[in-house]
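In the working numbering, the protein residues as written are 285 to 466. Using N, Cα and C, we set each Cβ at its ideal position, and we do this for glycine too. Bear in mind the structure is a predicted one, so any value in this text is a computation, not a measurement. Here the structure comes first, spelled out in structure tokens, and everything after it is commentary.
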């Protein structure tokens, strides 16, 4: 979120937002490890309150894209990426979902991640830290949508799109997403 906010609102406003969330220490020493999910809740809450929903969603989307880029460069083995790209999309999606499911604690925190392969691919996060405590008339979990969309467009199918179909911020029991490529 740091880089996404710096791009969107500049260094000074990013510092102000992180200060309001009591997270200025992350700007001094950018996290190089998993952060406490309470920090995730805090910064997303402050960004929504201070910048408004549209700007917060844009920042979340950009943060998700940057996260996917990091995962592609550093976490998803380079040897497997070209294989996923040439397999049929359904098979690649199943393999990628399996790997994501094994590491879901890294992005869902104490939330519960579930996924179903097929077309569309469906995944959900119950107890989602990104929107914890939020109320909205529209889905607000653009971070996850953008992360999965970039990963699936890169590794599964170039036309993959992610849509959040239900959101805890709207009163749903879980944030639910669909990934389609045809």
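Distances from the alpha-carbon of residue 419 to those of 446, 337, 317 put 337 closest. In this structure, residue 285 places its C-beta atom within 9 Å of the C-beta atom of residue 347. Residue 431 carries a helical assignment under DSSP once its states are collapsed to helix, strand and coil. Taken in chain order, the unbroken stretches of alpha helix (DSSP H) that lie wholly in the region 381-412 and span 4 residues or more are 389-392. Comparing alpha-carbon positions, the option among 318, 339, 325, 333 lying closest to residue 290 turns out to be 339. Within the same chain, Cβ atoms closer than 6 Å to the Cβ of residue 388 are found at 397, the five residues on either side in sequence being excluded.
Contact between the region 291-309 and the region 371-385 is absent, with fewer than three C-beta pairs closer than 8 Å. Contact check for residue 404 against residue 454 fails: the beta carbons are separated by 9 Å or more. In the three-state DSSP reduction, residue 450 falls in the strand class (E or B).
Taking one beta carbon from each stretch, the region 365-372 and the region 443-451 have fewer than 3 pairs nearer than 8 Å; the two do not touch. The alpha-carbon of residue 410 is positioned some 22 Å away from that of residue 343. Under DSSP, residue 464 shares a beta bridge with 445. The C-alpha of residue 307 is placed about 11 Å away from the C-alpha of residue 313. Closest in alpha carbon position to residue 350, among 459, 451, 457, 429, is 429. Rounded to the nearest angstrom, the gap between the Cα atoms of residue 323 and residue 359 is 22 Å. Residue pairing from DSSP places residue 459 in a beta bridge opposite 409. Here residue 309 carries a helix assignment [DSSP, helix/strand/coil]. In the three-state scheme derived from DSSP, where H, G and I count as helix and E and B as strand, residue 329 is classed as helix.
For residue 353, the enclosing alpha helix (DSSP H) stretches over residues 337-358.
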